[in-house]
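Chains A and B supply the protein sequences, listed in that same order.
Note that my numbering gives residue 202 to position 202 of the first sequence, counting from 1, and the numbers run on in steps of one.
Note that my numbering gives residue 52 to position 52 of the second sequence, counting from 1, and the numbers run on in steps of one.
Glycine included, C-beta positions come from ideal geometry on N, C-alpha and C.
All figures in this text were calculated on a predicted structure; none of them were measured in a lab.
One structure below.
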Amino acid sequence: MTMLLAAPALLLIAVVFGWPMLRYAWLSFHADSVLTGLEPVANGGANWLRLAADQRFWLDAGQTARFALISVSLELLLALAIALLLHQRWRGRGAVRALTLLPWALPTTMMALGWRWIFNTPYGPIEVLARSLGLGSLDLLSTPSITWLVTVFADVWKTTPFITLILLAGLQSIPEDLYSAFRLEGGTPLQALRRVTLPLLLPYILLSLLFRLAQAFGVFDLVQVLTGGGPAGSTESIALYAYLNGMRFLDFGYSATVMLAGFLLLTAMILAGTLLLKSVGLLRPLDR
Amino acid sequence: MTHESMTRGRITPGLMTRRSLWIALLLVWSLAPMLWQLLSSFTTADALVNDQLSFWSRWTLNNYRDLLSTDPPFWRYLLNSSLVASLTTLLTLMLAIPAAYGLAKLPQRLKGILRTAVVGAALFPYVLLFLALLELARTFALGNNLIAIAIPYSALSMPLALLLLTAAFEALPNDLEDAAKLEGLSLWQRLRWVLLPLIAPASASTAILVFLFAWNEYPVALTWLSRSDLLTLPVAMARIAGSSTYSVPYGTYAAATVLGAIPLLVLVLVFQRQIVSGLTNGAIKG
């Protein structure tokens, strides 16, 4: 009976999350594009062979992984500092907490639009500031070696509050007594951070790491609006490439292949990361 | 608390000003980009590209006037987003609350398996689903329909809703429901009159997080909605950006950003507590 109550919700999840994966698996062995009149025609492993030799895909995969790893690492460091600050007791803390949450609550596309104006060459404020400092033009949105850092920056700005909240929850779960005891034994605040706070915060750090890495690996909204994947494809992500294949080149078979491959790469990355953390003993505190 | 207590008795004026400095820095970091948009939205197109203009000739309301006189006017997108987000929240809660109750009552083992699956779905970068969802929309003629889009949205926010609400049901003492059962209350009555009021805080947290998700969702809306009077706010924003990089009306942009941010500003300031407890409970119990 109780299972029956859960059935509609679970069914909905199964359809919306499970069906696409099955469908992609099937589509990835079919040609389904304008060339086939948008009808799926079995083509063996042609899509997968094409993927293996597709430099653009592997470049995008590397760029996506780079984006995810760097932005999530920065977010974690920044969030830790902010969480420590917001965890202290001071007047107006509630209001500041709410205000720092705002970047996370705004639609990504909206702020991506905002960043395009702020980083605009030659009229954006950053550019104007750089000029007045005598730095010359920065061309932040049209220099392949720099633009991806702008996307990292925008992502850090937007999602740091999310990690901050998770870490704040972690900080609140650490009993005050531990700190008093540590102080009585003559430990300094810095030692307390290293030997009490960080170890007990570890589960929260790992959780936010896992969640954010998976989400950052699927980055789409931000790059589509802020850079469109450019300049010269330098900020194109796997999701954007899959989107372009499907919606612009109308090659659904290959688009499905790219998405499935992206999902498999992500899974492999998370598994590898878990094994790595396990091998250095970082996951031991979690086996309770 | 932690670090303050570490230094209790040693809180010097110097330490306090240093903290104020960090707080100020944090606020600048979080708010400066939005404040810049606010400033730009009141700046004339000329002044945006010419910093030689005198201070008094820089300001205008034209950006807002332009934004509201387009076809469809900008408020239409706000309305669409409100409708979609409200419907999604309603549908999600209607499905998730009974489901979470059912899941909380399941035997431990089965619950473990289902929870792993739900956590997996919650982690999944859902943008990868868009192509198959688009096919479904075509097959069942659900495209360009603000009511229909609430179905995938509910599904996409269901994992988080289930995690939060199942945890809330599990935290309730069993005696309570047993007593209600002895009183002869049916399952529906127990849910409606005994359990629902008790999980109200968790439901509120879930509702606000689902609402935010639906309000901000982009890839599905991008592929399901194409009629310009049906666009939700994120898609409308991206469409404005889709015009050429060089001729983009940045003042109008900024005005759009400001108008689009106001509902969220209100939402976050009013429901800050629910958002925080929702995310943090999700972290602890999920």
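- For V41 of chain A, the pairing in a beta bridge is given by DSSP as A:A31.
- Inclusion of I208 of chain B and Q274 of chain B in the CB contact set at 8 Å is warranted, their separation being smaller than that value.
- A direct Cα-to-Cα measurement between N145 of chain B and S82 of chain B gives close to 14 Å.
- Per the coordinates, the alpha-carbon of L22 of chain A lies some 33 Å from the alpha-carbon of Y204 of chain A.
- Taking 8 Å as the CB threshold, Y254 of chain A stays off the interface with chain B.
- Sequence-distant Cβ neighbours of A148 of chain B in its own chain, meaning closer than 7 Å and more than five residues away, are L142.
- Taking all protein chains in view, the Cβ of R66 of chain A is surrounded by fewer than 16 other Cβ atoms within 10 Å, so the residue is classified as exposed.
- Residues of the region 194 to 220 of chain B with a C-beta less than 8 Å from any C-beta of chain A: L212, W215, N216, Y218, P219, listed in chain order.
- For L269 of chain B, the chain A residues whose C-beta falls within less than 7 Å of its own C-beta are A98, listed in chain order.
- A25 of chain A counts as exposed, since fewer than 16 other C-beta atoms from the protein chains shown sit within 10 angstroms of its C-beta.
- Between D60 of chain A and S173 of chain A, the C-beta gap is not smaller than 8 Å, which leaves the two residues out of contact.
- Residue-level contact by beta carbon fails for F74 of chain B and chain A, as no gap is shorter than 8 Å.
- The contact set of L106 of chain A on chain B, defined by CB atoms closer than 7 Å, consists of A261, L264 in chain order.
- The residue among B:L136, B:S30, B:S226, B:V28 with its C-alpha nearest the C-alpha of W19 of chain A is B:L136.
- W59 of chain B is bridged by DSSP to B:T43.
- Secondary structure at W90 of chain A: coil, using DSSP grouped into helix, strand and coil.
- Within chain B, no residue has its CB atom less than 8 Å from the CB of I126 of chain A, the nearest being about 10 Å off.
- Segment contact: the region 42 to 62 of chain B against the region 249 to 263 of chain B, three or more CB-CB distances shorter than 8 Å; contact assigned.
- Residues are counted here when their Cβ sits less than 7 Å from a Cβ of chain B; for the region 19 to 33 of chain A these are W19, P20, R23, Y24, given in chain order.
- Inter-residue distance for V280 of chain A and L230 of chain B is about 52 Å (C-alpha atoms, whole angstroms).
- Contact between A214 of chain B and A85 of chain B holds, with the beta-carbon distance rounding to 4 Å and staying under 8 Å.
- Only residues of its own chain outside the window of five on either side were considered, and among them A202, S205, T206, G278, N281, G282 have a CB closer than 7 Å to the CB of L164 of chain B, listed in chain order.
- G273 of chain A: member of the alpha helix (DSSP H) spanning 252 to 279, first to last residue.
- Taking CB atoms only, L21 of chain B has no neighbour in chain A less than 8 Å away.
- Going by C-alpha positions, G228 of chain A is about 17 Å away from S255 of chain A.
- M3 of chain A carries a helical assignment under DSSP once its states are collapsed to helix, strand and coil.
- With fewer than 16 neighbouring CB atoms inside 10 Å of its own CB, F249 of chain A falls in the exposed class.
- Contact holds between the region 152 to 159 of chain A and the region 65 to 79 of chain A, because three or more Cβ pairs, one in each stretch, are under 8 Å apart.
- Using a CB distance cut-off of 8 Å, S30 of chain B counts as an interface residue toward chain A.
- Cβ contact annotation for K111 of chain B (same chain, cutoff 7 Å, sequence separation greater than five): L103, in chain order.
- A residue is called buried once 16 or more other Cβ atoms fall within 10 Å of its Cβ, and N120 of chain A is buried on that count.
- Chain order gives the chain B residues near Y123 of chain A as L48, V49, where near means a beta carbon separation below 7 Å.
- Per the C-alpha coordinates, the member of B:L39, B:V127, B:T70, B:D51 positioned closest to E217 of chain B is B:V127.
- The three-state secondary structure of G230 of chain A, taken from DSSP, is coil.
- For W29 of chain B, the closest of A:A169, A:L184, A:G134, A:K158 by C-alpha to C-alpha distance is A:K158.
- In the structure shown, R194 of chain A adopts helical secondary structure according to DSSP, grouped into three states.
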